[in-house]
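Undergrad: Following this message is one structure expressed as C-alpha coordinates.
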Amino acid sequence: MSDEREEEKMPRRRTSSEVKAATKHSWWPGWIWAVPLAAFGIGVWLLVRFLTQGGTDITITFEDAYGISAGDTVIKYRGTKVGSIESVDLSQDGKGVKVEATIKDSAKQFLTTGTLFYLRGAQPSLSNLSSLGSVLSGPTVVMEPGPGKKTKHFQGLEKKPEIPRQHGPPVLFRVHFDGAVGDLKEGDAVKLRGFAVGEVKETGFHYDAETGKIRTPVTVALYPTLFQIEHAAAKDPAAALQAALKHLVEEGLRASLDREPPLIGSYRVSFEMVPGAPQAELKIADNLPEIPTAPGGGLQSLVSSVNKIPLDQISQNVLDLTKHLDQLASSPKLKESFAELDASLQEIHRTVETIGPKVDQLVRTLRNTAHQLDQASAATAKTIGGPASQNGLNDTMREVKDAARSIRSLADYLERHPESLISGKHGE
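Heads up, the numbering used here is the position in the sequence shown plus 23, with the first residue counted as 1.
Structure, rendered in C-alpha coordinates:
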(Lines of atoms letter the chains of each structure in order from A; the text may use other names.)
(Lines give C-alpha, C1' and ligand atoms only; values in the text may rest on other atoms or scores of the structure.)
Protein backbone atom coordinates (compact mmCIF):
# COMPACT_ATOMS: atom_id res chain seq x y z
CA MET A 24 0.00 0.00 0.00
CA SER A 25 2.80 2.39 0.81
CA ASP A 26 4.42 1.80 -2.56
CA GLU A 27 1.21 2.62 -4.36
CA ARG A 28 0.81 5.88 -2.43
CA GLU A 29 4.35 6.97 -3.29
CA GLU A 30 3.71 6.30 -6.94
CA GLU A 31 0.61 8.48 -6.79
CA LYS A 32 2.63 11.39 -5.31
CA MET A 33 5.28 11.26 -8.04
CA PRO A 34 4.43 13.29 -11.22
CA ARG A 35 3.48 11.29 -14.15
CA ARG A 36 5.54 11.75 -17.29
CA ARG A 37 3.66 12.71 -20.39
CA THR A 38 4.24 10.92 -23.58
CA SER A 39 5.00 12.73 -26.82
CA SER A 40 1.49 12.05 -28.00
CA GLU A 41 0.07 13.88 -25.00
CA VAL A 42 2.19 17.07 -25.47
CA LYS A 43 0.22 19.87 -27.23
CA ALA A 44 1.31 23.38 -28.35
CA ALA A 45 -0.52 26.33 -26.73
CA THR A 46 -0.49 30.08 -27.69
CA LYS A 47 -0.66 32.73 -24.93
CA HIS A 48 -2.77 35.79 -25.93
CA SER A 49 -1.81 39.36 -24.65
CA TRP A 50 -3.85 42.62 -24.52
CA TRP A 51 -1.01 44.64 -26.31
CA PRO A 52 -1.66 44.55 -30.08
CA GLY A 53 1.98 45.19 -31.03
CA TRP A 54 4.30 48.08 -31.80
CA ILE A 55 2.80 48.61 -35.21
CA TRP A 56 -0.28 50.10 -33.54
CA ALA A 57 1.68 52.58 -31.40
CA VAL A 58 1.46 55.50 -33.87
CA PRO A 59 -2.32 55.26 -34.51
CA LEU A 60 -2.98 54.93 -30.80
CA ALA A 61 -0.83 57.99 -30.03
CA ALA A 62 -2.65 60.04 -32.67
CA PHE A 63 -5.97 58.93 -31.22
CA GLY A 64 -4.83 59.98 -27.74
CA ILE A 65 -3.76 63.42 -28.96
CA GLY A 66 -7.09 63.86 -30.72
CA VAL A 67 -8.97 62.98 -27.56
CA TRP A 68 -6.82 65.43 -25.55
CA LEU A 69 -7.46 68.25 -28.02
CA LEU A 70 -11.17 67.52 -27.98
CA VAL A 71 -11.27 67.60 -24.18
CA ARG A 72 -9.25 70.82 -24.13
CA PHE A 73 -11.60 72.43 -26.66
CA LEU A 74 -14.68 71.39 -24.70
CA THR A 75 -13.25 72.57 -21.37
CA GLN A 76 -11.76 75.85 -22.55
CA GLY A 77 -14.40 76.78 -25.07
CA GLY A 78 -14.08 79.95 -27.17
CA THR A 79 -15.94 81.85 -29.88
CA ASP A 80 -14.71 82.16 -33.45
CA ILE A 81 -14.88 85.64 -34.99
CA THR A 82 -13.74 87.33 -38.21
CA ILE A 83 -11.92 90.68 -38.27
CA THR A 84 -11.26 92.40 -41.60
CA PHE A 85 -8.28 94.76 -41.87
CA GLU A 86 -7.07 96.82 -44.81
CA ASP A 87 -3.62 95.23 -44.47
CA ALA A 88 -1.99 92.44 -42.49
CA TYR A 89 0.44 94.89 -40.81
CA GLY A 90 2.56 91.99 -39.55
CA ILE A 91 -0.32 90.00 -38.01
CA SER A 92 0.71 86.36 -37.73
CA ALA A 93 -1.34 83.27 -36.88
CA GLY A 94 -0.23 81.73 -33.60
CA ASP A 95 1.91 84.73 -32.63
CA THR A 96 -0.41 87.76 -32.59
CA VAL A 97 -2.72 87.95 -29.59
CA ILE A 98 -5.88 89.88 -28.76
CA LYS A 99 -5.86 91.89 -25.53
CA TYR A 100 -8.39 93.72 -23.43
CA ARG A 101 -7.16 95.85 -20.52
CA GLY A 102 -3.71 94.34 -20.98
CA THR A 103 -5.01 90.76 -20.59
CA LYS A 104 -4.97 88.18 -23.36
CA VAL A 105 -8.55 87.37 -24.35
CA GLY A 106 -8.00 85.77 -27.74
CA SER A 107 -5.58 84.57 -30.38
CA ILE A 108 -5.24 84.74 -34.15
CA GLU A 109 -5.90 81.43 -35.88
CA SER A 110 -5.42 82.35 -39.55
CA VAL A 111 -4.66 85.31 -41.82
CA ASP A 112 -5.81 85.29 -45.45
CA LEU A 113 -6.73 87.64 -48.26
CA SER A 114 -10.41 88.55 -48.46
CA GLN A 115 -12.46 87.25 -51.39
CA ASP A 116 -12.67 90.66 -53.08
CA GLY A 117 -8.95 91.25 -52.55
CA LYS A 118 -9.59 94.62 -50.88
CA GLY A 119 -8.58 93.57 -47.40
CA VAL A 120 -7.23 90.86 -45.13
CA LYS A 121 -9.53 88.43 -43.34
CA VAL A 122 -8.33 87.43 -39.89
CA GLU A 123 -9.90 84.45 -38.15
CA ALA A 124 -9.62 84.66 -34.35
CA THR A 125 -10.84 82.89 -31.23
CA ILE A 126 -12.14 84.82 -28.23
CA LYS A 127 -12.19 83.24 -24.78
CA ASP A 128 -15.52 82.60 -23.07
CA SER A 129 -14.61 85.22 -20.43
CA ALA A 130 -14.74 87.94 -23.10
CA LYS A 131 -17.39 86.69 -25.54
CA GLN A 132 -20.02 88.89 -23.86
CA PHE A 133 -18.29 91.91 -25.43
CA LEU A 134 -18.72 90.71 -29.02
CA THR A 135 -21.22 93.37 -30.09
CA THR A 136 -21.61 95.75 -33.02
CA GLY A 137 -20.16 98.60 -30.94
CA THR A 138 -16.94 96.78 -30.05
CA LEU A 139 -13.77 97.95 -31.77
CA PHE A 140 -10.72 95.95 -32.77
CA TYR A 141 -7.66 98.03 -33.60
CA LEU A 142 -3.94 97.43 -33.93
CA ARG A 143 -1.28 98.65 -31.53
CA GLY A 144 2.17 98.95 -33.08
CA ALA A 145 1.05 98.40 -36.67
CA GLN A 146 3.29 101.27 -37.80
CA PRO A 147 6.14 101.92 -35.33
CA SER A 148 6.98 105.60 -35.08
CA LEU A 149 9.58 107.75 -33.33
CA SER A 150 6.72 109.92 -32.09
CA ASN A 151 5.54 106.97 -29.98
CA LEU A 152 8.53 105.16 -28.50
CA SER A 153 6.32 102.47 -26.95
CA SER A 154 5.41 101.32 -30.47
CA LEU A 155 9.03 100.50 -31.34
CA GLY A 156 8.81 97.22 -29.43
CA SER A 157 6.47 95.88 -32.12
CA VAL A 158 9.36 95.93 -34.60
CA LEU A 159 10.48 92.60 -33.11
CA SER A 160 7.31 91.26 -31.48
CA GLY A 161 4.79 92.35 -34.11
CA PRO A 162 1.52 94.25 -33.54
CA THR A 163 -1.14 93.48 -30.95
CA VAL A 164 -4.88 93.44 -31.63
CA VAL A 165 -6.70 95.46 -28.97
CA MET A 166 -10.37 94.93 -28.20
CA GLU A 167 -12.41 97.89 -26.95
CA PRO A 168 -15.95 96.83 -25.95
CA GLY A 169 -18.97 98.89 -26.92
CA PRO A 170 -22.76 98.61 -26.96
CA GLY A 171 -24.86 96.97 -29.65
CA LYS A 172 -26.19 93.67 -30.88
CA LYS A 173 -24.32 90.38 -30.84
CA THR A 174 -22.08 89.78 -33.85
CA LYS A 175 -19.05 87.77 -34.96
CA HIS A 176 -17.88 89.98 -37.84
CA PHE A 177 -15.88 93.15 -37.26
CA GLN A 178 -14.04 95.81 -39.26
CA GLY A 179 -10.57 96.24 -37.80
CA LEU A 180 -8.75 99.58 -37.59
CA GLU A 181 -5.10 100.32 -38.19
CA LYS A 182 -4.83 102.35 -34.98
CA LYS A 183 -6.91 103.49 -32.03
CA PRO A 184 -9.53 106.01 -33.19
CA GLU A 185 -9.13 109.56 -31.98
CA ILE A 186 -12.83 109.94 -31.20
CA PRO A 187 -14.85 107.25 -29.35
CA ARG A 188 -18.13 106.28 -30.92
CA GLN A 189 -20.26 107.30 -27.93
CA HIS A 190 -20.02 110.97 -28.93
CA GLY A 191 -22.86 110.63 -31.40
CA PRO A 192 -23.07 111.43 -35.12
CA PRO A 193 -20.58 113.97 -36.47
CA VAL A 194 -21.09 117.00 -38.71
CA LEU A 195 -19.02 117.12 -41.91
CA PHE A 196 -17.04 120.17 -42.98
CA ARG A 197 -14.67 120.84 -45.87
CA VAL A 198 -11.17 122.32 -45.68
CA HIS A 199 -9.20 123.24 -48.82
CA PHE A 200 -5.43 123.33 -48.38
CA ASP A 201 -3.32 125.07 -51.01
CA GLY A 202 -0.26 123.06 -50.03
CA ALA A 203 0.36 119.31 -49.96
CA VAL A 204 -1.59 117.26 -47.42
CA GLY A 205 1.24 114.72 -47.16
CA ASP A 206 0.21 111.41 -45.68
CA LEU A 207 -2.92 112.74 -44.02
CA LYS A 208 -5.49 109.95 -44.04
CA GLU A 209 -8.78 108.81 -42.59
CA GLY A 210 -8.83 108.70 -38.82
CA ASP A 211 -6.16 111.35 -38.22
CA ALA A 212 -7.03 113.84 -35.50
CA VAL A 213 -8.65 117.24 -35.82
CA LYS A 214 -7.79 119.40 -32.81
CA LEU A 215 -8.79 122.78 -31.45
CA ARG A 216 -6.22 124.29 -29.09
CA GLY A 217 -4.83 120.81 -28.47
CA PHE A 218 -8.19 119.14 -27.76
CA ALA A 219 -9.55 116.48 -30.13
CA VAL A 220 -12.83 117.69 -31.66
CA GLY A 221 -13.01 115.47 -34.73
CA GLU A 222 -11.22 113.30 -37.24
CA VAL A 223 -10.33 113.21 -40.91
CA LYS A 224 -12.85 111.37 -43.05
CA GLU A 225 -11.50 111.81 -46.58
CA THR A 226 -8.72 113.48 -48.56
CA GLY A 227 -8.79 114.39 -52.23
CA PHE A 228 -6.94 115.94 -55.15
CA HIS A 229 -8.56 118.42 -57.53
CA TYR A 230 -7.23 120.24 -60.58
CA ASP A 231 -9.14 123.19 -62.04
CA ALA A 232 -8.56 123.26 -65.79
CA GLU A 233 -9.88 126.83 -66.07
CA THR A 234 -7.67 128.40 -63.43
CA GLY A 235 -4.84 125.86 -63.50
CA LYS A 236 -4.91 125.58 -59.72
CA ILE A 237 -4.39 122.41 -57.72
CA ARG A 238 -6.37 121.97 -54.53
CA THR A 239 -6.31 119.24 -51.95
CA PRO A 240 -9.71 119.17 -50.18
CA VAL A 241 -9.99 117.42 -46.83
CA THR A 242 -13.32 116.35 -45.34
CA VAL A 243 -13.35 116.46 -41.54
CA ALA A 244 -15.96 115.08 -39.15
CA LEU A 245 -16.55 117.31 -36.12
CA TYR A 246 -18.52 116.17 -33.07
CA PRO A 247 -20.88 118.71 -31.44
CA THR A 248 -20.57 117.10 -27.99
CA LEU A 249 -16.79 117.69 -28.01
CA PHE A 250 -17.20 121.44 -28.56
CA GLN A 251 -19.01 121.83 -25.22
CA ILE A 252 -21.38 124.45 -26.69
CA GLU A 253 -23.24 126.42 -24.02
CA HIS A 254 -26.23 128.74 -24.31
CA ALA A 255 -26.80 127.75 -27.95
CA ALA A 256 -29.81 129.35 -29.67
CA ALA A 257 -30.39 126.26 -31.83
CA LYS A 258 -31.56 123.08 -30.14
CA ASP A 259 -30.25 120.81 -32.88
CA PRO A 260 -26.59 119.89 -32.12
CA ALA A 261 -25.55 120.09 -35.80
CA ALA A 262 -27.11 123.54 -36.25
CA ALA A 263 -25.56 124.74 -32.98
CA LEU A 264 -22.11 123.58 -34.10
CA GLN A 265 -22.43 125.24 -37.50
CA ALA A 266 -23.53 128.52 -35.89
CA ALA A 267 -20.60 128.36 -33.46
CA LEU A 268 -18.08 127.78 -36.25
CA LYS A 269 -19.61 130.60 -38.31
CA HIS A 270 -18.95 133.02 -35.48
CA LEU A 271 -15.44 131.63 -34.80
CA VAL A 272 -14.44 131.92 -38.47
CA GLU A 273 -15.53 135.55 -38.48
CA GLU A 274 -13.37 136.10 -35.39
CA GLY A 275 -10.29 134.53 -37.03
CA LEU A 276 -10.57 130.74 -36.70
CA ARG A 277 -8.41 129.08 -39.37
CA ALA A 278 -7.37 125.53 -40.22
CA SER A 279 -3.78 124.39 -40.73
CA LEU A 280 -1.96 121.13 -41.29
CA ASP A 281 0.90 120.11 -39.01
CA ARG A 282 2.54 117.18 -37.25
CA GLU A 283 2.81 116.32 -33.57
CA PRO A 284 5.68 116.21 -32.63
CA PRO A 285 7.03 118.38 -35.48
CA LEU A 286 8.67 116.60 -38.44
CA ILE A 287 8.38 113.06 -37.00
CA GLY A 288 4.91 112.95 -35.44
CA SER A 289 1.49 111.98 -36.77
CA TYR A 290 -0.32 114.29 -39.16
CA ARG A 291 -3.30 116.27 -37.92
CA VAL A 292 -5.59 119.19 -38.82
CA SER A 293 -5.44 122.02 -36.28
CA PHE A 294 -7.93 124.83 -35.65
CA GLU A 295 -6.44 127.98 -34.14
CA MET A 296 -7.45 131.61 -33.73
CA VAL A 297 -5.14 133.63 -36.01
CA PRO A 298 -4.65 137.24 -34.86
CA GLY A 299 -5.05 139.75 -37.68
CA ALA A 300 -6.42 137.16 -40.12
CA PRO A 301 -8.19 138.57 -43.21
CA GLN A 302 -11.93 138.76 -42.99
CA ALA A 303 -13.61 135.47 -43.95
CA GLU A 304 -16.87 133.60 -43.51
CA LEU A 305 -18.17 130.05 -43.45
CA LYS A 306 -19.06 129.36 -47.10
CA ILE A 307 -20.61 126.33 -48.75
CA ALA A 308 -18.25 124.28 -50.97
CA ASP A 309 -19.27 120.98 -52.56
CA ASN A 310 -22.45 121.01 -50.46
CA LEU A 311 -20.40 121.24 -47.25
CA PRO A 312 -19.51 124.24 -45.05
CA GLU A 313 -15.92 125.25 -45.80
CA ILE A 314 -13.56 126.35 -43.02
CA PRO A 315 -10.87 128.73 -44.34
CA THR A 316 -7.22 127.90 -43.89
CA ALA A 317 -4.36 129.90 -42.48
CA PRO A 318 -1.77 131.26 -44.97
CA GLY A 319 0.56 128.43 -45.90
CA GLY A 320 -1.77 125.94 -44.25
CA GLY A 321 -0.05 122.89 -45.65
CA LEU A 322 3.14 121.12 -44.72
CA GLN A 323 4.94 123.62 -46.93
CA SER A 324 4.59 126.17 -44.11
CA LEU A 325 6.90 124.09 -41.96
CA VAL A 326 9.35 123.72 -44.82
CA SER A 327 9.16 127.45 -45.46
CA SER A 328 9.90 128.15 -41.81
CA VAL A 329 12.95 125.90 -41.98
CA ASN A 330 14.06 127.60 -45.19
CA LYS A 331 13.91 130.99 -43.47
CA ILE A 332 16.66 129.94 -41.06
CA PRO A 333 19.94 131.50 -42.33
CA LEU A 334 21.77 128.20 -42.47
CA ASP A 335 24.39 129.57 -44.90
CA GLN A 336 25.18 132.48 -42.61
CA ILE A 337 25.32 130.23 -39.54
CA SER A 338 27.67 127.80 -41.27
CA GLN A 339 29.87 130.69 -42.45
CA ASN A 340 30.04 132.07 -38.90
CA VAL A 341 31.08 128.65 -37.62
CA LEU A 342 33.80 128.44 -40.27
CA ASP A 343 35.04 131.96 -39.40
CA LEU A 344 35.13 131.12 -35.71
CA THR A 345 37.07 127.93 -36.41
CA LYS A 346 39.50 129.88 -38.55
CA HIS A 347 40.05 132.49 -35.82
CA LEU A 348 40.65 129.80 -33.23
CA ASP A 349 43.17 128.12 -35.51
CA GLN A 350 44.97 131.43 -36.07
CA LEU A 351 45.01 132.13 -32.35
CA ALA A 352 46.38 128.68 -31.55
CA SER A 353 49.17 129.11 -34.11
CA SER A 354 49.95 132.74 -33.17
CA PRO A 355 53.64 133.40 -32.19
CA LYS A 356 52.47 135.87 -29.51
CA LEU A 357 50.40 133.14 -27.82
CA LYS A 358 53.39 130.81 -27.84
CA GLU A 359 55.61 133.59 -26.36
CA SER A 360 53.03 134.24 -23.64
CA PHE A 361 52.97 130.59 -22.67
CA ALA A 362 56.79 130.51 -22.64
CA GLU A 363 56.94 133.57 -20.36
CA LEU A 364 54.32 132.09 -18.05
CA ASP A 365 56.23 128.84 -17.83
CA ALA A 366 59.46 130.71 -17.00
CA SER A 367 57.70 132.73 -14.30
CA LEU A 368 56.28 129.59 -12.69
CA GLN A 369 59.71 127.96 -12.67
CA GLU A 370 61.23 131.08 -11.03
CA ILE A 371 58.56 131.08 -8.32
CA HIS A 372 59.16 127.40 -7.70
CA ARG A 373 62.92 127.99 -7.24
CA THR A 374 62.27 130.94 -4.91
CA VAL A 375 59.92 128.92 -2.70
CA GLU A 376 62.45 126.10 -2.52
CA THR A 377 65.17 128.60 -1.48
CA ILE A 378 63.08 130.45 1.10
CA GLY A 379 61.37 127.38 2.50
CA PRO A 380 64.08 126.39 5.06
CA LYS A 381 64.54 130.05 6.08
CA VAL A 382 60.83 130.36 6.85
CA ASP A 383 61.06 127.50 9.34
CA GLN A 384 64.06 129.15 10.99
CA LEU A 385 62.28 132.52 11.12
CA VAL A 386 59.19 130.94 12.73
CA ARG A 387 61.31 129.30 15.44
CA THR A 388 63.10 132.63 16.13
CA LEU A 389 59.79 134.48 16.46
CA ARG A 390 58.39 131.89 18.86
CA ASN A 391 61.56 132.09 21.01
CA THR A 392 61.33 135.91 21.08
CA ALA A 393 57.69 135.78 22.19
CA HIS A 394 58.60 133.25 24.90
CA GLN A 395 61.45 135.48 26.15
CA LEU A 396 59.11 138.47 26.36
CA ASP A 397 56.66 136.44 28.43
CA GLN A 398 59.47 135.38 30.78
CA ALA A 399 60.75 138.97 31.07
CA SER A 400 57.27 140.19 31.95
CA ALA A 401 56.86 137.52 34.62
CA ALA A 402 60.32 138.18 36.08
CA THR A 403 59.67 141.92 36.26
CA ALA A 404 56.42 141.40 38.12
CA LYS A 405 58.14 139.03 40.57
CA THR A 406 61.05 141.45 41.14
CA ILE A 407 58.94 144.48 41.98
CA GLY A 408 56.75 142.38 44.21
CA GLY A 409 53.18 142.85 43.21
CA PRO A 410 51.09 143.62 40.21
CA ALA A 411 52.41 146.11 37.74
CA SER A 412 49.49 148.44 38.40
CA GLN A 413 50.70 149.04 41.94
CA ASN A 414 54.13 150.19 40.78
CA GLY A 415 53.09 152.40 37.87
CA LEU A 416 54.27 149.95 35.19
CA ASN A 417 50.81 148.88 33.99
CA ASP A 418 51.04 150.40 30.48
CA THR A 419 54.61 149.18 29.94
CA MET A 420 53.89 145.58 30.87
CA ARG A 421 50.72 145.52 28.76
CA GLU A 422 52.72 146.66 25.72
CA VAL A 423 55.27 143.91 26.37
CA LYS A 424 52.51 141.28 26.49
CA ASP A 425 50.86 142.67 23.34
CA ALA A 426 54.20 142.53 21.54
CA ALA A 427 54.68 138.90 22.55
CA ARG A 428 51.15 138.05 21.36
CA SER A 429 51.69 139.79 18.00
CA ILE A 430 55.01 138.02 17.45
CA ARG A 431 53.40 134.66 18.21
CA SER A 432 50.50 135.41 15.78
CA LEU A 433 53.01 136.33 13.08
CA ALA A 434 54.85 133.05 13.63
CA ASP A 435 51.56 131.10 13.32
CA TYR A 436 50.62 132.92 10.08
CA LEU A 437 54.05 132.34 8.47
CA GLU A 438 53.83 128.68 9.39
CA ARG A 439 50.50 128.39 7.58
CA HIS A 440 51.30 130.72 4.66
CA PRO A 441 55.02 130.69 3.89
CA GLU A 442 54.27 132.02 0.37
CA SER A 443 53.31 135.39 1.88
CA LEU A 444 56.99 136.28 2.04
CA ILE A 445 56.85 136.39 -1.78
CA SER A 446 53.37 137.81 -2.54
CA GLY A 447 52.77 139.73 0.66
CA LYS A 448 50.08 139.13 3.21
CA HIS A 449 46.68 138.26 1.61
CA GLY A 450 48.24 138.50 -1.82
CA GLU A 451 48.83 142.25 -1.52
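Glycine included, every Cβ here is placed at the ideal spot set by N, Cα and C.
Let me know if residue 197 comes out buried or exposed under the rule of 16 or more other beta-carbons within 10 Å of its beta-carbon.
TA: Taking the first residue of the sequence shown as 1, we reach residue 197 at position 174. Label assigned to residue 197: buried.
Undergrad: Could you round the C-beta distance between residue 244 and residue 257 to whole angstroms and report it? I think they count as a contact, below 8 Å.
TA: As a working mapping, residue 244 is identified with position 221 in the sequence shown. As a working mapping, residue 257 is identified with position 234 in the sequence shown. Residue 244 to residue 257, Cβ: 19 Å. No contact.
Undergrad: Indicate whether residue 213 and residue 226 have their beta-carbon atoms separated by less than 7 Å.
TA: Start at 1 with the first residue of the sequence shown, and residue 213 comes out as number 190. Start at 1 with the first residue of the sequence shown, and residue 226 comes out as number 203. In this structure, residue 213 keeps its C-beta atom at 7 Å or more from the C-beta atom of residue 226.
Undergrad: Tell me residue 314's beta-bridge partners as DSSP assigns them.
TA: Taking the first residue of the sequence shown as position 1, residue 314 is located at position 291. Note: residue 314 sits in no beta bridge, so no partner.
Undergrad: Suppose the cutoff is 7 Å on Cβ atoms and the five residues either side in sequence are ignored; what does the same chain contact list for residue 169 look like?
TA: Here residue 169 refers to the residue found at position 146 when the sequence shown is read from its first residue. For residue 169, where only same-chain residues beyond five positions count, the Cβ hits under 7 Å are 135, 137, 138, 139 and 188.
Undergrad: When the distance is taken between beta carbons, is residue 145 closer than 7 Å to residue 181?
TA: Residue mapping note: residue 181 aligns to position 158 of the sequence shown, counting from 1. Residue mapping note: residue 145 aligns to position 122 of the sequence shown, counting from 1. Closer than 7 Å, so yes.
Undergrad: What residue from 388, 122, 307 and 118 has the CA that sits closest to residue 141's CA?
TA: Counting from one through the sequence shown, the residue named residue 141 turns up at place 118. Checking every option, the nearest Cα to that of residue 141 belongs to 122.
Undergrad: Just verifying my parser: in three-state terms, what is the DSSP assignment at residue 66?
TA: Translated into positions along the sequence shown, residue 66 becomes position 43. Residue 66 falls in the helix class under three-state DSSP.
Undergrad: By DSSP, does residue 246 sit in helix, in strand, or in coil?
TA: Counting from one through the sequence shown, the residue named residue 246 turns up at place 223. Correct three-state label for residue 246: coil.
Undergrad: CA-CA distance, residue 300 and residue 281?
TA: Translated into the one-based positions of the sequence shown, residue 300 becomes position 277. Translated into the one-based positions of the sequence shown, residue 281 becomes position 258. Answer to the nearest angstrom: the Cα atoms are 19 Å apart.
Undergrad: Specify the secondary structure class of residue 186 as computed by DSSP and reduced to three states.
TA: To locate residue 186, count along the sequence shown from 1; it is residue 163. Residue state, collapsed to three classes: coil.
Undergrad: Could you check whether residue 191 and residue 248 sit closer than 7 Å to each other, using their CB atoms as the reference points?
TA: The sequence position of residue 248 within the sequence shown is 225, counting from 1. The sequence position of residue 191 within the sequence shown is 168, counting from 1. In this structure, residue 248 sits near residue 191, with a CB-CB distance shorter than 7 Å.
Undergrad: Here's a check: name, in chain order, each residue in its chain whose Cβ is nearer than 6 Å to the Cβ of residue 317, leaving out the five neighbours to either side.
TA: The sequence position of residue 317 within the sequence shown is 294, counting from 1. So the list reads 277, 279 and 297, once near-sequence residues are dropped.
Undergrad: When DSSP labels each residue in this structure, what does residue 436 get in the three-state scheme?
TA: Counting from 1 along the sequence shown, the entry for residue 436 is found at position 413. Residue state, collapsed to three classes: helix.
Undergrad: Considering Cα atoms alone, identify which of 130, 115 and 81 is closest to residue 109.
TA: Residue 109 sits at position 86 when you count from the first residue of the sequence shown. Of 130, 115 and 81, the residue nearest in Cα terms is 81.
Undergrad: When DSSP labels each residue in this structure, what does residue 274 get in the three-state scheme?
TA: On the sequence shown, position 251 is the one that residue 274 refers to. Helix.
Undergrad: Tell me whether residue 251 sits in a helix, a strand or coil according to DSSP, three-state version.
TA: Here residue 251 refers to the residue found at position 228 when the sequence shown is read from its first residue. Assigned with DSSP and collapsed to three states, residue 251 falls in coil, not helix or strand.
Undergrad: Going by beta carbon distance, what residues of the same chain come within less than 8 Å of residue 466, once the five residues before and after it are set aside?
TA: As displayed, the chain neither begins before 24 nor continues past 451, which places residue 466 out of reach and without an answer.
Undergrad: Identify, in the order they occur along the chain, each residue of the same chain with its Cβ nearer than 7 Å to the Cβ of residue 64, setting aside the five sequence neighbours on each side.
TA: Position 41 of the sequence shown, counted from the start, is the residue given in the question as residue 64. Closer than 7 Å at Cβ, skipping near neighbours: no residue.
Undergrad: Between which two residues does the beta strand (DSSP E) carrying residue 195 extend?
TA: As a working mapping, residue 195 is identified with position 172 in the sequence shown. Its beta strand (DSSP E) spans residues 194-200.
Undergrad: With a threshold of 16 other CB atoms inside 10 Å of the CB of residue 239, please say whether the residue is buried or exposed.
TA: Numbered from its first residue, the sequence shown carries residue 239 at position 216. Per the 10 Å Cβ criterion, buried.
Undergrad: Give the range of the beta strand (DSSP E) segment to which residue 89 is assigned.
TA: Stepping through the sequence shown from its first residue, residue 89 is reached at position 66. Counting along the chain, residue 89 falls outside any beta strand (DSSP E), and DSSP gives it neither H nor E.
Undergrad: For residue 228, which residues does DSSP report across the bridge?
TA: Residue 228 sits at position 205 when you count from the first residue of the sequence shown. Answer is none; residue 228 lacks a bridge partner.
Undergrad: Can you find the residues in the same chain that come closer than 8 Å, C-beta to C-beta, to residue 84, ignoring five residues on each side of it along the sequence?
TA: By 1-based counting over the sequence shown, the position of residue 84 is 61. For residue 84, where only same-chain residues beyond five positions count, the Cβ hits under 8 Å are 114, 119, 120, 121, 122, 176, 177, 178 and 179.
Undergrad: So residue 215 is in the beta strand (DSSP E); what residue range does that whole segment cover?
TA: Walking along the sequence shown from the start, residue 215 turns up at place 192. From DSSP, the beta strand (DSSP E) with residue 215 extends over 212-215.
Undergrad: Write down the C-beta distance between residue 220 and residue 208 rounded to the nearest angstrom, noting that I regard them as a contact closer than 8 Å.
TA: The residue you call residue 220 lines up with position 197 of the sequence shown. The residue you call residue 208 lines up with position 185 of the sequence shown. Not really, about 18 Å apart at Cβ, beyond 8 Å.
Undergrad: Suppose contacts are defined by Cβ-Cβ distances below 7 Å. Is residue 93 in contact with residue 105 by that definition?
TA: Taking the sequence shown and counting its residues from 1, one reaches residue 93 at position 70. Taking the sequence shown and counting its residues from 1, one reaches residue 105 at position 82. Not a contact, by the Cβ cut-off of 7 Å.
Undergrad: Going by alpha carbons, who is nearest to residue 103 out of 260, 237 and 126?
TA: The count along the sequence shown starts at 1 and reaches residue 103 at position 80. Nearest C-alpha to residue 103: 126.
Undergrad: Which residues mark the beginning and the end of the beta strand (DSSP E) in which residue 103 is found?
TA: As a first step, residue 103 must be located in the sequence shown, where it is residue number 80. Where residue 103 is concerned, the enclosing beta strand (DSSP E) stretches over 103-113.
Undergrad: From residue 304 to residue 231, what distance separates their C-alpha atoms?
TA: The sequence position of residue 304 within the sequence shown is 281, counting from 1. The sequence position of residue 231 within the sequence shown is 208, counting from 1. Spanning the two alpha carbons is a distance of roughly 23 Å.
Undergrad: Given a cut-off of 7 Å on the beta-carbon distance, is the pair residue 252 and residue 262 in contact?
TA: Translated into positions along the sequence shown, residue 252 becomes position 229. Translated into positions along the sequence shown, residue 262 becomes position 239. Against a cut-off of 7 Å, the Cβ pair of residue 262 and residue 252 comes out as no contact.
Undergrad: Taking the beta strand (DSSP E) that residue 124 falls in, what are its first and last residues?
TA: What you label residue 124 is simply residue 101 of the sequence shown in a count that begins at 1. Per DSSP, residue 124 belongs to the beta strand (DSSP E) from 120-126.
Undergrad: Here's a check: name, in chain order, each residue in its chain whose Cβ is nearer than 8 Å to the Cβ of residue 172, leaving out the five neighbours to either side.
TA: Numbered from 1 along the sequence shown, position 149 holds the residue referred to as residue 172. Cβ within range, chain order: 135 and 136.
Undergrad: Would a check of beta-carbon distances place residue 231 closer than 7 Å to chain D?
TA: Absent from the structure: chain D. Only one protein chain is present.
Undergrad: Would you mind stating whether residue 99 and residue 165 have Cβ atoms separated by less than 7 Å?
TA: In the sequence shown, the residue the question calls residue 99 occupies position 76. In the sequence shown, the residue the question calls residue 165 occupies position 142. Taking a C-beta distance under 7 Å as the contact criterion, residue 99 and residue 165 qualify as a contact pair.
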